[in-house]
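>
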Amino acid sequence: MARQFVLKREPIQEVSRLSIDYRAALNEQQLAAVTADRGPVLVVAGAGTGKTRTLIYRVAYLVDSGVRPEEIVLLTFTRRSAREMIARASALLDGRCENVRGGTFHSYCLEILRRHGKRIGFPNNFTILDSSDAADVVDILRLQIKSRIDKKRFPRKRTLQGIISGARNRDETVQEYLEQRFPQFMEYLEIISEISAEYGRYKFNHGLMDYDDLLTQTLFLLSEHRDVRNIVAGMCKHVLVDEYQDTNRIQAGLVRMLSSVHGNLMVVGDDAQSIYRFRGADFRNILLFPKQMPDTTVLKLEQNYRSTQQILDLANHIISRARHKFDKKLFSDKTEGELPTLIHAQDNRFESRFVTQVILELREEGVALSDMAVLFRSGFNSYDLEVELNRRGIPFVKYGGLKLSEAAHIKDVLAHLKVVENPRDGVAWNRILQLIEGIGPRTSQKILEWIEASPDEPFQIDESRFSPMYVEKIRALFVMLRSLVSTQLTVTDQVEVIVSYYEPLLKRIHFDDFLKRTQDLEHFVGLAESFTDRATLLSSLALDPIELTAVDVDPLTDDEPPLILSTIHSAKGLEFNTVFLIHALDGILPSAYSAGDEDAEEEELRLLYVAVTRAAERLFISYPAVQYRRFSGQYFAKQSRFLDAIPEKLLESGSLVEQESPFLAPEPEFPRLPEANIRPDNAAAETESW
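With positions in the sequence shown counted from 1, the corresponding number in my numbering is that position plus 472.
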């Protein structure tokens, strides 16, 4: 029997012997988290309590204590977040922190699969499908069984792809997922299950992976191949996970796998801010962590550095109603401040006029537009306000819109790069072939079959096989693609070649906004300069898409940074001097879709908590009393049930009156009402300030 040698753990240095004075830089709760001993640690970090700062100091502390930075893994939900934390840790300590392995779950899994994917049958050069490409594959499979379905009753391609993805993210069967979320499609359970299975086979046979595969295939690899797991986990002496409340079951399983050798796992998150159930996030991951990981140390961060105590008192009261939670109470040294205010508006127009007027008054007082935010449950809740803001000349930006790599013209360019990188990528081939005038889905499929039959020479052309109508255009495409393979071009040069070929096609397809789209192409060419090879560029854009494009947002004519309009979900993690939460109506917040589902309604409560805790100095919550419903006309709406029975010492009530004559009388149950005077459109008189 072979001898076994046990490598002893290196002792962590005492705080007093380290390079940084951690005691001076951190409060007591943060210090306890930063200097926590080995083993599993759960840090329950309330809103605004310095969660990111704590993680940064934790990274620096581990390196400062002698842990090799290459053996520290920092997992976040955006690569930008990981990069910024590592950069700040490096500035705090020294350049050693730059070698910490930081990234998203998807990017880290991609790294593992590139190295070990062959163990489960995938080539090293597999292509990543984005959600749109994945839906296109599903649609191909859907069309193959069209004779067995009723088009009007069968889910469309994006819904179908969402069902397949949702089930996998939640580690559920298709049947379980349909029963809970799409019972109307249960009659097609067998067919949907067949498509789901065929979708997996299609990807495997064509060397493709979608976003879900990056997680599920990595978990499968580590679960089934112990030697690979020991190699991968052996390199992860300390695993740090940010925003743990937003993980799904697969990600939670991956975290346990990565920490299986050394056992040093710190997860940081806030159960009260778990609001991404619709993306597959499982609230139970953070709640059950102490049970799943024996001997877990649970630490709390409760000192808030963002909001006044008045805002925190309201937030604490709101979240106290949650049934499942870690008990914590946020507190602040900012004890002086205004009470949050609940505004009863007559209708949408009154609500919009109120918000606009207060924004203008605060701007006059010196509060920047960009330090104010209007939050809402759903995008359509702000339509009336957008009209009023435009009328009053207030610049604003609304969070949302397409990401750069999701814009059609950028996806076209990427598709050309994808077929060069992976000639078996049928989705990309279909996309670029159908850009050619005269080629539709059927012709494209025939060409693709010919390409697949000649795997050794995918970019050679047999002109006799093609119609004279488009043979010249196909020849031009293949000549261009061969030039990318046969020469030593940089990534930037490759993109330039593709764009030069593509611009005439773009002008024909998108003539109306051709100039705007060419701005994006110029942006994309410049972006390519930061990548050393084609594969890295494709992987990076698939995992970390860039936000708005020139097509999505017109440039502002004013140099003033704009007001922020955002859904609550998009505003998570941000903070503003002043926050307006509009349309706080029952049926909106909580959503009518949460009715009868206790877990869903409790997430809606957490959504309100997230909105409230975005505010630093001022918080206005408003709701319009009169709404309009199609076919029914006007009806009286109710304020959110979450706002019922909140003591006036926590939430001050206010009503709106016209400047010259009362339009809305004060409600009798409100004994003291600060009144916001609404200026008539043609009035120039000053209004009473808040």
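Cβ coordinates follow ideal geometry from the N, Cα and C atoms, glycine included.
#1: Name the DSSP beta bridge partners of Arg1090, please?
#2: Terminal residues of the continuous beta strand (DSSP E) containing Ile544?
#3: By Cβ distance, which residues of its chain are closer than 7 angstroms to Phe657, with the 5 residues on each side in sequence left out?
#4: Does the separation of the CB atoms of Arg1086 and Leu847 fall below 8 angstroms?
#5: Taking the CB atoms as reference points, tell me whether Val516 and Asp714 lie closer together than 8 angstroms.
#6: Look at the alpha carbon of His734 and the alpha carbon of Gly1068, and state the distance between them as a whole number of angstroms.
#7: Looking at Leu1061 and Ile815, is the spacing between their C-beta atoms short of 8 angstroms?
#8: For the region 967 to 979 against the region 881 to 897, are there 3 or more C-beta pairs whose distance is under 8 angstroms?
#9: Does the Cβ of Phe1108 have 16 or more other Cβ atoms within 10 Å, making it buried, or fewer, making it exposed?
#10: Would you mind working out which of Ala744, Leu693 and Arg728 sits nearest Pro766, comparing C-alpha positions?
#11: Counting Cβ pairs, one atom from each stretch, are 3 or more of them under 8 angstroms apart for the region 689 to 698 and the region 608 to 626?
#12: With a threshold of 16 other CB atoms inside 10 Å of the CB of Asn736, please say whether the residue is buried or exposed.
#13: For a minimum of 4 consecutive residues, which ranges assigned as the alpha helix (DSSP H) are wholly contained in the region 914 to 972?
#14: Tell me, please, which residues DSSP counts as bridged to Asp1069.
#15: Mind checking Val951: buried by the 16 CB within 10 Å criterion, or exposed?
#16: Which of helix, strand or coil does DSSP assign to Val733?
#17: Going by DSSP, what residue range makes up the alpha helix (DSSP H) through Phe803?
#18: Along the alpha helix (DSSP H) that carries His710, what are the first and last residues, could you check?
#19: Are the CB atoms of Leu759 and His710 within a distance shorter than 8 angstroms?
#20: Rounded to the nearest angstrom, what separates Phe822 and Gly851 at their Cα positions?
#21: By a C-beta neighbour count over all protein chains shown, 10 Å radius and 16 as the cutoff for buried, is Leu1046 buried or exposed?
#22: Measure how close the beta-carbons of Arg591 and Val506 come, nearest whole angstrom, since I'm counting them as under 8 angstroms.
#23: Considering Cα atoms alone, identify which of Asp566, Val1082 and Glu1070 is closest to Val1051.
#24: Please go through the same chain and pick out, in chain order, the residues whose beta-carbon is closer than 6 angstroms to the beta-carbon of Asp897, but skip the five residues on each side of it.
#25: Give the C-beta separation of Glu1075 and Ile747 to the nearest angstrom, bearing in mind that I take them to be a contact with Cβ-Cβ under 8 angstroms.
#26: Going straight from the alpha carbon of Lys800 to that of Ser792, what length do you get?
#27: Please say whether Thr813 and Glu860 have beta carbons closer to each other than 8 angstroms?
#28: Let's test the definition: count the other Cβ atoms within 10 Å of the Cβ of Gln502 and tell me whether it reaches 16, buried, or not, exposed.
#29: Pick helix, strand or coil for Ala517, following the three-state DSSP scheme.
#30: To which residues of the same chain is Leu564 closer than 8 angstroms at the C-beta, ignoring the five residues directly before and after it?
#31: Leaving out five residues on either side along the sequence, give the residues of the same chain with a beta carbon under 6 angstroms from the beta carbon of Tyr1100.
#32: Using CA atoms only, rank isn't needed, just tell me which of Leu905, Glu659 and Ser637 is closest to Ala753.
#33: My understanding is that Tyr1095 touches Ala817, with C-beta atoms under 8 angstroms, so please give their C-beta distance in whole angstroms.
#34: For the beta strand (DSSP E) that Val846 lies in, which residues bound it at each end?
#35: Indicate whether at least one CB of chain C lies closer than 8 angstroms to the CB of Ile791.
#36: For a quick check, are the C-beta atoms of Leu1091 and Leu841 less than 8 angstroms apart?
On the basis of the data shown:
#1: Thr1050
#2: Looking at the DSSP string, the run of the beta strand (DSSP E) that includes Ile544 is Ile544 to Thr548.
#3: Pro627, Leu650 and Ile664.
#4: Contact: yes.
#5: no
#6: 43 angstroms
#7: The answer is no: Cβ separation not under 8 angstroms.
#8: yes
#9: exposed
#10: Arg728
#11: no
#12: buried
#13: 943 to 958
#14: According to DSSP, Asp1069 bridges with nothing at all.
#15: exposed
#16: Val733 falls in the coil class under three-state DSSP.
#17: Here Phe803 belongs to no alpha helix (DSSP H), and DSSP marks it neither H nor E.
#18: No alpha helix (DSSP H) contains His710, which is instead part of the beta strand (DSSP E) from His710 to Val713.
#19: no
#20: Take the alpha-carbon of Phe822 and the one of Gly851: they are about 19 angstroms apart.
#21: exposed
#22: No, Arg591 and Val506 are not in contact; Cβ-Cβ is about 37 angstroms, not under 8 angstroms.
#23: Val1082
#24: Thr599, Lys890 and Val891
#25: 6 angstroms
#26: 9 angstroms
#27: no
#28: buried
#29: strand
#30: The residues are Ile492, Ile528, Tyr529 and Ala532.
#31: Gln1106
#32: Minimum Cα distance to Ala753 is reached at Ser637.
#33: 7 angstroms
#34: Met844 to Phe848
#35: Protein chain content of the structure displayed is limited to a single chain, and chain C is not contained in it.
#36: no
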